[in-house]
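Below is one structure, written out as structure tokens; comments come after it.
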Amino acid sequence: MIPAVPLPQNSEIRTPVEVKLKTEWRYETSARAFVSDAGERFKPGNELPKGSRIVYKVPSLAQAERSKLSEDERNLQLYLQVILPAGESPADYVAAIRRWPPVADARLPPEISLPMQLS
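Read in order, the letters of the sequence shown are residues 818 to 936 in the working numbering.
In structure tokens:
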């Protein structure tokens with residue numbers, strides 16, 4: 818087995834925070850707010866650095882009507898990524914994101930690595 822090589826420090830690849838919403842919540846991209854089925858709203862506000870983005874992992878399911886989706890599609894509809902600006906560590910924000918009312922789970926993704934080149 819060839820050991821993996823970590824990304825260079827100056828790499829432009831950003832590591833997101835992986836987020837799963839509670840089933841009764843959704844994220845409205847245009848309003849930059851989370852909205853519950855009961856009409857509650859939550860805006861992250863100043864909890865993220867300027868330039869952060871929240872995006873659906875499967876954008877095509879973001880606005881789909883839940884009742885018309887399969888169980889697997891409904892599950893996929895709950896997953897988001899919080900993409901931080903370059904230079905920001907997701908580890909510094911994951912605990913705060915876990916405390917947000919709409920969030921069921923937030924975690925760091927697996928560490929990215931490159932394959933080792935054989936000579």
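Cβ atoms here follow ideal geometry from the backbone N, Cα and C, with glycine treated the same way. Bear in mind that the values here come from a model prediction, so they are computed numbers and not experimental data.
Reduced DSSP secondary structure (H/G/I, E/B, other) of Ala913:
Here Ala913 sits in helix by DSSP.
Rounding to the nearest angstrom, what Cα-Cα distance links Ala879 and Tyr873 in this structure?
Whole-angstrom Cα-Cα distance: 7 Å.
Assign Ile914 to one of two classes, buried (16 or more other C-beta atoms within 10 Å of its C-beta) or exposed (fewer than that).
The residue in question, Ile914, is buried, as its Cβ has 16 or more Cβ neighbours within 10 Å.
Assess contact between the region 898-916 and the region 842-855, defined as three or more Cβ pairs (one per stretch) separated by less than 8 Å. Is contact present?
Flag = no, the region 898-916 and the region 842-855 do not touch.
Cutoff 6 Å; reference Arg924; Cβ partners in own chain excluding five residues on either side:
Excluding its 5 nearest sequence neighbours in each direction, Arg924 has C-beta neighbours in its own chain below 6 Å: Glu835, listed in chain order.
Relative to the C-alpha of Ala921, which residue among Ile830, Lys839, Gln826 and Pro825 is closest?
Measuring C-alpha to C-alpha distances from Ala921 to each of Ile830, Lys839, Gln826 and Pro825 identifies Lys839 as the nearest.
Whole angstroms is fine: what's the gap from Pro876's alpha carbon to Pro825's?
As the crow flies, the alpha-carbon of Pro876 is around 30 Å from that of Pro825.
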